[in-house]
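Residue 205 is where the sequence shown ends in the working numbering, and the numbering goes up by one at each step. Don't be surprised by glycine CBs; every beta carbon is placed ideally from N, CA and C. Heads up: the structure comes next, in structure tokens.
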Amino acid sequence: MTKKIRVAIIDDDQTAIDFLTEYVSKTAGLVKAFDELDPNKGLAKLMNGSVDLLIVDMEMNALSGMELIAQIKELQRPSRKSRFGMQVIICSGHDQYAASSYQYDVTDYLPKPLAYGRFVEAIDCILWFANDVQVVVGKPMSYVLEWLPREHFMQCHRSYVINTNYVMDIFEKEITMRYLSQKVAVGDRRNYHEFNLWEMSNQFY
Numbered sequence: 001m002t003k004k005i006r007v008a009i010i011d012d013d014q015t016a017i018d019f020l021t022e023y024v025s026k027t028a029g030l031v032k033a034f035d036e037l038d039p040n041k042g043l044a045k046l047m048n049g050s051v052d053l054l055i056v057d058m059e060m061n062a063l064s065g066m067e068l069i070a071q072i073k074e075l076q077r078p079s080r081k082s083r084f085g086m087q088v089i090i091c092s093g094h095d096q097y098a099a100s101s102y103q104y105d106v107t108d109y110l111p112k113p114l115a116y117g118r119f120v121e122a123i124d125c126i127l128w129f130a131n132d133v134q135v136v137v138g139k140p141m142s143y144v145l146e147w148l149p150r151e152h153f154m155q156c157h158r159s160y161v162i163n164t165n166y167v168m169d170i171f172e173k174e175i176t177m178r179y180l181s182q183k184v185a186v187g188d189r190r191n192y193h194e195f196n197l198w199e200m201s202n203q204f205y
């Protein structure tokens, strides 16, 4: 089944929030969870884990976007027991932060002023899994792979790409993933050399 992607917007510019709210409202599959001018209040609201996608500005007075993202990513570490997890898109008029932001595996970095077409392009590149409910982007697997950070995502089957940070165990041809009740199938390992090397280096055999 599919679900709507719950979007939070944090920006200390009300005009930017208004534009993004309009974009979210007219994009199929999205629903706004909340917007917030104060990043500290926004972070507190994010703690309940009811958001799938955060769109955040970089330069804010109370707390910078980079500081906020760093705190979010700390909460998302697989070693923590929290189910807190979301995708992050940065929307900023300052492109000097673009390179450094990717150390936090942000999904995309969007420029201000933001055209609606560019917004939709960013949304289309996301594959979502949340609480055993799958929301699938209508893109081929090869396209999705190009947009995922290769140090964390690997293809293990013609139908599956996994985030290796969330692998708990591999037994024969099944992978147990954190927060996912069903097993993920493993294809012929000869066809997925990168995954096979990763599996052996982590002693999943």
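Helix, strand or coil for residue i per DSSP?
i: aspartate 169; result: strand
i: glutamine 71; result: helix
i: glutamate 121; result: helix
i: serine 142; result: helix
i: asparagine 163; result: strand
i: phenylalanine 34; result: strand
i: valine 24; result: helix
i: aspartate 11; result: coil
i: aspartate 95; result: helix
i: proline 113; result: coil
i: alanine 185; result: strand
Give the single residue among the options whose Cα lies nearest to the Cα of residue i.
i: tyrosine 206; options: Glu146, Ile123, Tyr166; result: The structure shown does not extend to residue 206, since the chain is modelled only from 1 to 205, so the question has no answer here.
i: lysine 41; options: Asp12, Arg158, Ala28, Met66; result: Asp12
i: serine 159; options: Tyr179, Asn191, Glu151; result: Asn191
i: methionine 60; options: Met141, Gln14, Met200, Tyr166; result: Gln14
i: methionine 58; options: Met168, Thr21, Val106; result: Val106
i: aspartate 169; options: Phe204, Met200, Arg189; result: Phe204
i: methionine 141; options: Glu151, Cys125, His152; result: Cys125
Whole-angstrom Cβ separation of residue i and residue j, contact assumed at under 8 Å?
i: proline 111; j: aspartate 95; result: 7 Å
i: lysine 71; j: leucine 37; result: Here the sequence assigns glutamine to residue 71, which means lysine is not the residue at that position. The Cβ separation is near 18 Å, so there is no contact.
i: isoleucine 175; j: valine 186; result: 6 Å
i: isoleucine 89; j: leucine 53; result: 7 Å
i: valine 51; j: arginine 6; result: 5 Å
Tell me which residues share the same chain as residue i and place their Cβ nearer than 7 Å to its Cβ, disregarding the 5 neighbours each side in the sequence.
i: phenylalanine 34; result: Ala8, Lys45
i: tryptophan 198; result: Met154, Thr164
i: valine 120; result: Thr27
i: lysine 183; result: Glu174, Ile175, Thr176
Return the CA-CA distance between residue i and residue j, expressed in angstroms with no decimal places.
i: alanine 28; j: tyrosine 116; result: 13 Å
i: proline 149; j: leucine 30; result: 24 Å
i: serine 92; j: glutamate 67; result: 14 Å
i: valine 56; j: tyrosine 109; result: 10 Å
i: methionine 47; j: valine 167; result: 24 Å
i: phenylalanine 19; j: lysine 3; result: 23 Å
i: asparagine 202; j: glutamate 146; result: 24 Å
i: glutamine 87; j: glutamate 172; result: 31 Å
i: methionine 200; j: histidine 193; result: 11 Å
i: arginine 178; j: glutamate 151; result: 18 Å
i: glutamate 65; j: threonine 21; result: Reading off the sequence shown, one finds glycine at residue 65, where the question assumed glutamate. Those two C-alpha atoms are separated by around 18 Å.
Output needed for residue i: all residues of its chain with C-beta closer than 6 Å, excluding positions within five of it in sequence on either side, in chain order.
i: phenylalanine 195; result: Met154, Cys156
i: alanine 16; result: none
i: tyrosine 104; result: Ile69, Lys73
i: arginine 189; result: Asn196
Chain C beta carbons: is any one of them nearer than 8 Å to that of residue i?
i: aspartate 52; result: Included in the structure is just one protein chain, with no chain C present.
Quick one: residues in its chain with C-beta nearer than 8 Å to the C-beta of residue i, no 5 flanking neighbours on either side, listed in chain order?
i: leucine 63; result: Pro39, Asn40, Leu43
i: serine 25; result: Lys32
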